[in-house]
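J.: In our numbering, the protein residues as written are 9 to 145.
Glycine residues also receive a C-beta, built at the ideal position from the N, C-alpha and C atoms.
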């Protein structure tokens, strides 16, 4: 089984950025933990701060892997293009968020991804990614 994790803008700053909201662990360190928890699953990872690059990866992974886990960051609330890319591919996408977006600013309550995703997991910190992987098993 191959699952691809795609992270959007500012998630390269995990471990440094607002640790009270996002924690103090980098995603690279957490990815090592995920690979230990799921040794039989091939986990690939991509992060970009650029919307078009995220769309390109959704299209690249979206026809030949078993699942995509997408944390589009702030693009969740603004990108019709990312939502359309999810609709265009055959691989199921789970939308994840580290924080509970509904307990934050009201603009974070809108998602252009949720309606096209297989499911949404939010508010469990980095464990949201583990829960998303488990949803594909």
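#1: Going by DSSP in three states, residue 113 sits in which element: helix, strand or coil?
#2: Given residue 73, which residues of its chain have a CB within under 6 Å of its CB, disregarding the five upstream and five downstream residues?
#3: My understanding is that residue 137 touches residue 104, with C-beta atoms under 8 Å, so please give their C-beta distance in whole angstroms.
#4: With distance defined between alpha-carbon atoms, name the residue in 61, 42, 114 nearest to residue 142.
#5: What residue does the beta strand (DSSP E) around residue 104 start on, and which one ends it?
#6: Determine the direct distance from the alpha carbon of residue 33 to that of residue 64, and round the result to whole angstroms.
#7: Using the C-alpha atoms, what's the distance from residue 120 back to residue 90?
#8: In this structure, does DSSP put residue 57 in helix, strand or coil?
#9: Here's a check: name, in chain order, each residue in its chain whose Cβ is nearer than 6 Å to the Cβ of residue 15, leaving out the five neighbours to either side.
#10: CA-CA distance, residue 127 and residue 25?
T.: According to the data block:
#1: Taking the first residue of the chain shown as 1, we reach residue 113 at position 105. Looking at residue 113 - three-state DSSP - the assignment turns out to be coil, as it is neither helix nor strand.
#2: Residue mapping note: residue 73 aligns to position 65 of the chain shown, counting from 1. Correct list, in chain order: 10, 12, 99.
#3: Within the chain shown, numbered from 1, the residue matching residue 137 stands at position 129. Within the chain shown, numbered from 1, the residue matching residue 104 stands at position 96. Residue 137 to residue 104, Cβ: 6 Å. Contact.
#4: Here residue 142 refers to the residue found at position 134 of the chain shown. Minimum Cα distance to residue 142 is reached at 42.
#5: For this step, residue 104 is matched to residue 96 along the chain shown. From DSSP, the beta strand (DSSP E) with residue 104 extends over 101 to 105.
#6: Position 56 of the chain shown, counted from the first residue, corresponds to residue 64. Position 25 of the chain shown, counted from the first residue, corresponds to residue 33. Each residue's Cα considered, the two are about 27 Å apart.
#7: In the chain shown, counting from the first residue as 1, residue 90 sits at position 82. In the chain shown, counting from the first residue as 1, residue 120 sits at position 112. Taking the straight line from one Cα to the other gives about 8 Å.
#8: Your numbering for residue 57 matches position 49 in the chain shown. Three-state DSSP puts residue 57 in coil, outside helix and strand.
#9: One-based indexing of the chain shown puts residue 15 at position 7. Cβ within range, chain order: 55, 79.
#10: Walking along the chain shown from the start, residue 127 turns up at place 119. Walking along the chain shown from the start, residue 25 turns up at place 17. Spanning the two alpha carbons is a distance of roughly 26 Å.
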